[in-house]
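J.: Chains as they are written, first to last, in this note's numbering: chain A, 1 to 344; chain B, 345 to 833; chain C, 834 to 1024. Structure below; questions to follow.
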Amino acid sequence: MFSSPHIHGGDSIRKQMLTVILALMPATFMSVYLFGWLACLVLTCCILSSVLSEYICLKLMDRRKRSLLDGSAALTGLFVGLVLPVLVPWWMAILGSALAIVLGKQLYGGLGYNPFNPALTARIILLISFPVYMTSWAIPMPLEQAAINFYDFSACWQVFFTGVSASAFDAVSMATPLGHVKTALTQQQTVSEALASYQYQPWQAFIGLEAGSLGETSVLAILLGAALLLGRNLISWHIPTAYILTVALLATVFNLIEPDRYAPALFHVLAGGLVLCAFFMATDPVTSPVTPIGQLVFGIGCGVITWCIRTYANYPEGAMFAVVVMNCAVPLIDHYCRPRVYGR
Amino acid sequence: MNLFDRFRAKFHGGIQPVEWKETANCPIQRLALSEQYILPMKQHIGQECVPLVAVGDRVLRGQKVARSQAYVHAPIHAPTSGIVRKIADNPIPHPSGLGMLSLFIEADGLDEEKKMPCLADYRNIDPVLIREQVRMAGITGLGGAGFPAFIKHRRDDEFPVHTVILNGVECEPWLTNDHRLMLEHGQQIVEGLDILMHVVGAKKGIIAIESNKPDAALNIQQCIADFSQDMEVRILPTRYPQGGEKQLIQVVTGKEVPAGKLPLHIGVLCQNIGTVKSIYDAVVLGKSLTERVVTISGPQTPRRGNSLVRIGTDLSFILSQHGLTDLSEVKVIHGGPMMGELLPNLHVPAVKSTTGLLAWHTAEFEKSHEQPDPCIHCGHCVQVCPVKLVPNELASHCKHDDTERAQAYHLFDCIECGCCSYVCPSHIPLVQHFRYAKGMVAQQAREQKFSEESRQRSEAHLQRIEKEKEARAARRAKVLAKQKALEEK
Amino acid sequence: MIVDVLIAAVVVACMALVIAGVLAYASKKFHVEGDPLVESVNDLLPQTQCGQCSFPGCRPYATAVVKGEAEVNQCVPGGDRTMKKIADLMGVEASQMDAEDLGPRLAVIREDECIGCTLCIKACPVDAIVGAAKQFHTVIADQCTGCDLCVEPCPVDCIDMVEPPKQLAQWSWRAVRPNKTRQKRGGKVET
Ligand code: SF4
Ligand code: SF4
Ligand code: SF4
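Pasting the structure below:
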């Protein structure tokens, strides 16, 4: 007994996942451009271990294997890779992916049931457990100071499996803009002094020539992918717009009040994982609201929390925390932000 | 669609399925007479009819053969002349495959007709009489729902109807019967509109046609020219489910029908093209509703087309007339693909609400009903729902049998248009969830009522027994007293 | 140091006292009378009056449940759903049904065999059987609760309990079958 409708639009989870993977390609290529073979190694390792963890979980829990083929595990793996710093050792890449799949997804019942974004959950756990590894950022290859030749496969192989020696560490790493500004502010410098000492250039941040996680630095690459998602109606404009505008608005207002203490809007928007989170993480369908008003509320909430963490908390970057915190509120938001029903 | 269209009033959401309107060029053809016609006693929303004829009676085409005492019903007429052979239960075109009391008429091939008086000069006739004629003709909404038409034609001083909207949208894929009617019977349709405007006293008439039927729009436009009344053809961008009454009213007037109210309450009467054509037939020609146009199509049908079918014709006979004789690997949908129903049995009669018959190959049909995956909250269903429900949440309440929550999420406002199921990437049969929950609510109400009645009956029973006991005790006491008295003597 | 500990202890003790007071007051104020509970449990029961719960009718069973003299799972016609509702109301764990739920039943008298003894009329708790003495009796299908009580008294065994005929007006769509049953490892594929 089949109920109407008897035709279907042809959309499927698999198609959606593959499209998102496609949309991540610009960011992925950018990360390969910035970090060469090492980026390849980290991403491959993450994807493979994700798929493997998914398979083991499905097998152990006796769930349907079909969901292995829908591409969601590979996508999660790719996401995990893109939010990790490039200098993570191999075991952390594997651990991160396994955490994302097992803790972030399968323990809640698999795809569609997880309350938190799996990739961000994994990253937060790693950040709290291994703060040193998770906050050491390599100098990207296109910059002159780069100390490791990321385009040399054997060098990368070695770094990936044995790590960088403690003595060489300072030479290969630099701070992210957010981190740099945060440290400078604690040392009583003003924002403009801090930016000057970092030699901060907005266009560099836009293209992605700065330190940061693999996929988050290049706003340009992310926007290219986001255009695809928006065009295919895989995400709606509500969350990213509300999110970014809120951060920009807060930053502008406070920057106007006290320019020495609060960074300007452009810096906030281009820095760190904000744009990646706004377009790819906060919009993750499973963990975001479905109603338009709910999506706006969600985006605004993310924006406020991100800005607050960046400005007042100990962590320089708050986007991932913001998204995960707002994830908790999604059922509530969806319940209260239902649209007005026709004729009521 | 020009730029102006985009800024016009619009209903929320909706989809644009592939149209498949390949029968749009097939003129309406009269189907051959069959040997037997079966008339189920309920082809409308409302009370079931009871037969007025007995086995062995001869009936004429257009003769009323069944009716009900209730207000909300539509009488049923014999589709051809012949003998009533049987009055028995017979399946109807319904997904359950269940049936109801039906009249079996064996055609005698003479097709003698009995007509009602013609009211050709309708503009000078009391609207009440015209409405009565429409009622006697057994006309129901032919768009699929089957609501008795005359009920909507009431003149109500409190809610005067100012606009009559003819629904020529026909947004369901595959179906083209209204399209053909507008092309071939434009004059009658416009005259039907005129009748309706007279009946309800409306000043304005609008014929809404989707932009994928420019030829029909053109034809109607030309027909309008002959009338002095204020009539207008409104071309709407193609979008499903624009043909839903409430959605169409929203698009055309910019107003929403308040929940629990009728279009009448905002001064609108909305009627389907096929219905208007049969209103014309009834009023001007004096013909009762005994036939309708049906689109016979679908990938598996060899000769697709639009047929003028007598009500009560066996569906398998109709299909065989269109070249589909081997029914073993075929699934047939009764109605359009979005809101029509899969028929478990094809030896059922065509009824007043039979808009189309679409045949699919079984394998191909099952492809569009894939195994569901879990909901990934993509929100596409929310985007397309014309009623602005939150289908995914609603479905999860339905799934967990939480009827109270589901009703708080406005389960009963869902029009079952199917947009949400159509776009769902997880292939979740959302509409089936809603139907299940609606059925469950109804069943719970029935059970509640039954248990309440049972309790009353049981109390009455206990009381009766109590009384009987008392009576017996009293009798006994009397007898004893008598005995005692005797003994004492 | 000691002072701190003391302060903490005193504060906690005070809080406990206050809360206890509030709770005690609330339990007095919002006390649920015993009888409405019987009433509400009775409302949940199907009113079949069949006695399959081993009580002489629905209300006695409801009383027994409220008094704690009976389990919540004894009403056979009510089935799983009723059991869950009662368990919910009473705030106890729902358990397994005692007997298998056969679904709705309907008594039918084979009229040619009926001798008109009126015994079944007396047995029917809802007066759903009609007929005069010495003439055959009939069950009013719309009123029969399917309680089985008339079967036993019939001296010629002419009453059958059957599945009520399916009616269009009572038909409804089935629940969407959960996916697992179809794809379970090694399990049969259901259709
Ligand atoms: S379209 Fe399907 S998967 Fe998406 S939210 Fe609605 S029910 Fe869930
Ligand atoms: S079937 Fe119901 S819930 Fe789904 S889109 Fe249509 S009205 Fe909305
Ligand atoms: S088993 Fe249920 S229906 Fe029968 S008497 Fe007991 S409570 Fe009532």
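Ideal Cβ positions, reconstructed from N, Cα and C, are used throughout, including at glycine.
Beta-carbon separation of His678/B and Thr706/B under 8 Å?
T.: If you number the second sequence from 1, residue 678/B lands on position 334. If you number the second sequence from 1, residue 706/B lands on position 362. Result no, Cβ atoms of His678/B and Thr706/B do not sit closer than 8 Å.
J.: Using only CA atoms, which one of Val508/B, Leu442/B and Val637/B lies nearest to Met575/B?
T.: Within the second sequence, residue 575/B is the residue found at index 231, counting from 1. Closest option to Met575/B, Cα to Cα, is Val508/B.
J.: Alpha carbons only, please: which of Ile244/A, Ile309/A, Thr291/A and Val341/A is nearest the one belonging to Lys182/A?
T.: Indexing the first sequence from 1 puts residue 182/A at position 182. The option with the nearest alpha carbon to Lys182/A is Ile309/A.
J.: Starting from Trp90/A, follow its DSSP beta bridges and name the residues at the other end.
T.: Looking up residue 90/A in the first sequence gives position 90. Looking at the DSSP assignment, Trp90/A forms no beta bridge with any residue, so it has no partner.
J.: Could you tell me whether the Cβ atoms of Gly884/C and Leu1001/C are closer together than 8 Å?
T.: In the third sequence, residue 884/C corresponds to position 51, counting from 1. In the third sequence, residue 1001/C corresponds to position 168, counting from 1. No, Cβ-Cβ distance for Gly884/C and Leu1001/C is not below 8 Å.
J.: Which of helix, strand or coil does DSSP assign to Phe448/B?
T.: For this step, residue 448/B is matched to residue 104 along the second sequence. Phe448/B: strand per DSSP, three-state reduction.
J.: Would the C-beta of His713/B count as close to ligand 1, meaning under 7 Å from any of its heavy atoms?
T.: On the second sequence, residue 713/B is found 369 positions in, with the first residue counted as 1. Outside the cutoff, so no.
J.: Which residue wins for smallest C-alpha separation from Ser288/A, given the options Ala322/A, Gly272/A, Gly273/A and Gly318/A?
T.: As a position in the first sequence, residue 288/A is number 288, starting the count at 1. Taking only the C-alpha atoms, the option nearest Ser288/A is Ala322/A.
J.: Reducing DSSP to helix, strand and coil, say where Asp603/B ends up.
T.: Within the second sequence, the letter at position 259 stands for residue 603/B. Looking at the sequence itself, residue 603/B is Ala, so the reference to Asp does not match. Reduced to three states, the DSSP call for Ala603/B is coil.
J.: Name, in chain order, the residues that DSSP records as bridge partners for Cys614/B.
T.: Here the question's residue 614/B lines up with position 270 in the second sequence. Answer is Ile509/B, bridged to Cys614/B.
J.: Which residues of chain C have a Cβ atom closer than 7 Å to the Cβ of Gly783/B, listed in chain order?
T.: Along the second sequence, read from residue 1 onward, the residue named residue 783/B stands at position 439. Those are Ser1005 and Trp1006, listed as they occur along chain C.
J.: Please check the pair Leu82/A and Leu24/A, which I expect to be a contact at CB under 8 Å, by giving their CB distance rounded to whole angstroms.
T.: Taking the first sequence and counting its residues from 1, the one referred to as residue 82/A is at position 82. Taking the first sequence and counting its residues from 1, the one referred to as residue 24/A is at position 24. Their Cβ separation, rounded to whole angstroms, is 7 Å, which keeps Leu82/A and Leu24/A in contact under 8 Å.
J.: Any heavy atom of ligand 2 inside 7 Å of the beta-carbon of Phe298/A?
T.: Numbered from 1 along the first sequence, position 298 holds the residue referred to as residue 298/A. Checking every heavy atom of ligand 2 against the Cβ of Phe298/A, none is found closer than 7 Å.
J.: Does Ala750/B have its Cβ less than 8 Å from a Cβ in chain E?
T.: Protein chains in the displayed structure are A, B and C, and chain E is not among them.
J.: Indicate, with yes or no, if ligand 2 has a heavy atom lying under 7 Å from the CB of Ile593/B.
T.: Here residue 593/B corresponds to residue number 249 of the second sequence, with the count starting at 1. Every heavy atom of ligand 2 is 7 Å or more from the Cβ of Ile593/B, so no.
J.: Could you work out which residues of chain A lie near Pro423/B, taking near to mean beta carbons separated by less than 8 Å?
T.: Translated into positions along the second sequence, residue 423/B becomes position 79. Chain A residues near Pro423/B: none, gap ~27 Å exceeds 8 Å.
J.: So, with DSSP's three-state summary, where would you put His8/A?
T.: The residue given as residue 8/A occupies position 8 in the first sequence. If DSSP states are grouped into helix, strand and coil, His8/A belongs with coil.
J.: What residue range does the alpha helix (DSSP H) around Thr597/B cover?
T.: As a first step, residue 597/B is located in the second sequence; it is residue number 253 there, counting from the start. From DSSP, the alpha helix (DSSP H) with Thr597/B extends over Glu589 to Thr597.
J.: Going straight from the alpha carbon of Pro937/C to that of Lys862/C, what length do you get?
T.: Within the third sequence, numbered from 1, the residue matching residue 937/C stands at position 104. Within the third sequence, numbered from 1, the residue matching residue 862/C stands at position 29. Rounded to the nearest angstrom, the two C-alpha atoms are 43 Å apart.
J.: Along the stretch 437-455 of chain B, what residues have a CB closer than 9 Å to any CB found in chain C?
T.: Sequence-ordered contacts of the stretch 437-455 of chain B with chain C read His438, Pro439, Ser440, Leu442, Gly443 and Met444 [C-beta pairs closer than 9 Å].
J.: Pair every Cβ in the stretch 366-379 of chain B with every Cβ in the stretch 653-661 of chain B, then say whether three or more of these pairs are closer than 8 Å.
T.: As far as the Cβ criterion goes, the stretch 366-379 of chain B touches the stretch 653-661 of chain B, which means the pair count is three or higher.
J.: Kindly give me the distance between the Cβ atoms of Val728/B and Gly357/B, rounded to whole angstroms, as I take these residues to be in contact under 8 Å.
T.: To locate residue 728/B, count along the second sequence from 1; it is residue 384. To locate residue 357/B, count along the second sequence from 1; it is residue 13. Val728/B to Gly357/B, Cβ: 4 Å. Contact.
J.: In chain A, which residues lie with their C-beta within 9 Å of the C-beta of Glu366/B?
T.: One-based indexing of the second sequence puts residue 366/B at position 22. Correct list: empty, because the minimum Cβ distance to chain A is about 15 Å.
J.: Tell me the rounded alpha-carbon separation between Gly400/B and Glu457/B.
T.: Residue numbering aside, residue 400/B sits at position 56 when the second sequence is read from its first letter. Residue numbering aside, residue 457/B sits at position 113 when the second sequence is read from its first letter. Approximately 18 Å, taken between the alpha carbons.
J.: Going along chain A, which residues have a C-beta under 8 Å from Asp757/B?
T.: In the second sequence, residue 757/B corresponds to position 413, counting from 1. One finds Val341, Tyr342, Gly343 and Arg344 in chain A with Cβ atoms closer than 8 Å to the Cβ of Asp757/B, taken in chain order.
J.: Quick check on Ala265/A: buried or exposed, where buried means 16 or more other Cβ atoms within 10 Å of its Cβ?
T.: As a working mapping, residue 265/A is identified with position 265 in the first sequence. Classified as buried, Ala265/A has 16 or more neighbouring CB atoms from the shown chains inside 10 Å of its CB.
J.: How about His417/B and Gly490/B: are their beta carbons less than 8 Å apart?
T.: Looking up residue 417/B in the second sequence gives position 73. Looking up residue 490/B in the second sequence gives position 146. No, these two residues do not count as a Cβ contact at 8 Å.
J.: What does the alpha-carbon distance come out to for the pair Arg749/B and Ala552/B?
T.: As a working mapping, residue 749/B is identified with position 405 in the second sequence. As a working mapping, residue 552/B is identified with position 208 in the second sequence. Rounded to whole angstroms, Arg749/B to Ala552/B spans 37 Å at the Cα level.
J.: Taking a Cβ distance cut-off of 7 Å, strictly less, list which residues of the stretch 910-923 of chain C are near chain B, in chain order.
T.: none
J.: What number of angstroms, rounded off, separates the C-alpha of Val627/B from the C-alpha of Gln413/B?
T.: Taking the second sequence and counting its residues from 1, one reaches residue 627/B at position 283. Taking the second sequence and counting its residues from 1, one reaches residue 413/B at position 69. Rounded to the nearest angstrom, the two C-alpha atoms are 23 Å apart.
J.: Let me see if you follow: with CB-CB separation under 8 Å, is Thr135/A close to chain B or not?
T.: On the first sequence, position 135 is the one that residue 135/A refers to. Thr135/A does not count as touching chain B.
J.: Does the stretch 521-537 of chain B come within contact of the stretch 353-372 of chain B, defined as at least 3 CB pairs closer than 8 Å?
T.: yes
J.: Could you say which of Pro395/B, Arg405/B, Cys462/B and Arg467/B lies nearest to Ala432/B if we only look at CA atoms?
T.: Mapped onto the second sequence, residue 432/B falls at position 88. Selected option, being the one with the closest Cα: Pro395/B.
J.: Between which two residues does the alpha helix (DSSP H) holding Ile852/C run?
T.: Locating residue 852/C in the third sequence gives position 19, where the first residue counts as 1. Counting along the chain, the alpha helix (DSSP H) containing Ile852/C begins and ends at Ile835 to Lys862.
J.: Would you call the stretch 945-963 of chain C in contact with the stretch 800-819 of chain B, where contact means no fewer than 3 C-beta pairs closer than 8 Å?
T.: The stretch 945-963 of chain C makes contact with the stretch 800-819 of chain B, as at least three CB pairs between them are under 8 Å.
J.: Between which two residues does the beta strand (DSSP E) harbouring Trp704/B extend?
T.: Taking the first residue of the second sequence as position 1, residue 704/B is located at position 360. Per DSSP, Trp704/B belongs to the beta strand (DSSP E) from Gly700 to His705.
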